[in-house]
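Enquirer: There's a structure below that I have some questions on.
Residue numbers (our numbering): 11 to 222.
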């Protein structure tokens, strides 16, 4: 990876996620590594490395796959995903202009968290509209429909999921072409109860995550 790109990625990660996450990402600038090698290179405890990797994976800055041994993962840094952070404000503005402001808030929430379920995204936006007294439509059916439109327009997509949850070793993540832009089906009644803090049941999308 080019020196200037390394420096830019380090600065962005340090600013948004702190020194520990930056240190772990820096060790991956030179190629894929295992958890043990990252801990050795960074001089950090394995527990800290795991936490940092979880953050980097959540935001798409790092991917993993099975190494030479099926029980040991190798982690790979994706610098282009980090530099895309510069485009986030423009991307949000584009959605606001092309779709509407509520949809831009949905996208903003997704970008803030890296990936999340439709339920969590919708509830956070509804709460934000209510608490900040924004002059926007915070009705759950409307927000659900707007999120479905973002999926149909292919602004957001489903995250891969483990191919076999019973298998041992490093999981293989997959998502079919049919699943990629399949809108979530949510139970609005349960969603409403969740918003009021009166329900803990799954509205229908447990384990289904979305990303840009």
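Each residue gets a CB set at the ideal place from its N, CA and C atoms; glycine is no exception.
1. My understanding is that residue 38 touches residue 83, with C-beta atoms under 8 Å, so please give their C-beta distance in whole angstroms.
2. With a CB to CB cut of under 6 Å and the five nearest residues on each side skipped, what residues in its chain are close to residue 180?
3. Using 9 Å as the threshold, is the C-beta distance between residue 62 and residue 33 below it?
4. Specify, as a first and last residue, the run of the alpha helix (DSSP H) that residue 97 falls within.
5. First and last residue of the alpha helix (DSSP H) that includes residue 37?
6. Hey, how far is the Cα of residue 196 from the Cα of residue 54?
7. Please name the residue, chosen from 117, 90, 143, that lies closest to residue 99 on a Cα-to-Cα basis.
8. Decide if residue 156 is buried, meaning its Cβ has at least 16 other Cβ atoms within 10 Å, or exposed.
9. Do residue 168 and residue 218 come within 9 Å of each other at the CB atom, strictly closer than that value?
10. To which residues does DSSP link residue 171 through a beta bridge?
11. Thinking C-beta only, is residue 115 closer than 9 Å to residue 139?
12. For residue 154, is the classification buried or exposed, using 16 other Cβ atoms within 10 angstroms of its Cβ as the cut-off for buried?
13. Which same chain residues end up closer than 7 Å to residue 23 when comparing Cβ atoms and leaving out the 5 residues on each side of it in sequence?
14. Identify the continuous alpha helix (DSSP H) that holds residue 161 and give its terminal residues.
15. Just tell me which of 214, 94, 56 has its CA closest to the CA of residue 19.
16. Cα-Cα, which of 171, 57, 200, 199 is closest to residue 186?
17. Going by the CB atoms, is the gap between residue 132 and residue 150 shorter than 9 Å?
18. Three-state secondary structure (DSSP) at residue 72?
Expert: Reading it off the structure:
1. Contact doesn't hold; Cβ gap of about 12 Å is too wide.
2. 76, 83
3. Yes, Cβ-Cβ distance for residue 62 and residue 33 is below 9 Å.
4. That residue, residue 97, is in no alpha helix (DSSP H); it is neither H nor E in DSSP.
5. 29 to 37
6. 42 Å
7. Taking only the C-alpha atoms, the option nearest residue 99 is 117.
8. buried
9. yes
10. 184
11. yes
12. buried
13. 31, 32, 35, 92
14. 150 to 162
15. 94
16. 171
17. yes
18. strand
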